[in-house]
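Below: the structure, in structure tokens.
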Amino acid sequence: MKYECPHCHEKTITLKQKAFAGTLTSRGAECEKCKRRCVNGKDSTIFRLVTSLAVLIFITKLIFFSEIDMTFCIVASIIALVVAKILQIIFDAFFAKLIPSQWID
Ligand SMILES: [Zn+2]
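The numbering used here runs 5 ahead of the 1-based position in the sequence shown.
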């Protein structure tokens with residue numbers, strides 16, 4: 006399964022490349038045909054923002070508004086961060102739209 010390069014419109018970008026291509030400010034994945042780079046677009050940035058915000062709210066609530074043990078809070082916070090990161094990678098891999106990279110080599 007490959008995705009279309011936003012430059013040459015050939016299906017050259019692999020799922021793995023797309024998952025780790027990053028967003029607007031990243032270097033991005035290189036197309037094997039035209040050698041130009043592409044990244045995940047605005048939808049990926051928005052998804053990251055929303056999930057990061059959700060984690061931040063979750064951690065804040067956990068630490069300041071619950072009676073739970075601090076060690077458990079830290080473990081739960083780390084798990085929440087990891088889960089958010091995984092969700093972001095999955096979103097990038099399957100749902101985000103590829104756009105040309107703004108990166109200048
Ligand atoms: Zn290309």
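Cβ coordinates follow ideal geometry from the N, Cα and C atoms, glycine included.
Contact between the region 83–94 and the region 6–18 is absent: fewer than 3 CB-CB pairs across the two stretches fall below 8 angstroms. Counting only residues of its own chain and dropping the five nearest sequence neighbours on each side, Ile68 has a CB closer than 6 angstroms to the CB of Cys78. Contact annotation, Ile94 with Ala24: C-beta distance approximately 5 angstroms; criterion of less than 8 angstroms satisfied. Counting only runs of 4+ residues, no alpha helix (DSSP H) is found wholly inside the region 26–52.
When secondary structure is reduced to three states using DSSP, Ile104 falls in the strand class.
Annotated three-state conformation of Ile109 is coil, per DSSP.
In this model, Trp108 and Ile73 are separated by some 45 angstroms (Cα to Cα). When distances are taken from the beta-carbon of Cys78 to the heavy atoms of ligand 1, even the shortest one reaches 7 angstroms or more.
Here the C-alpha atom of Glu35 lies approximately 10 angstroms from the C-alpha atom of Thr19.
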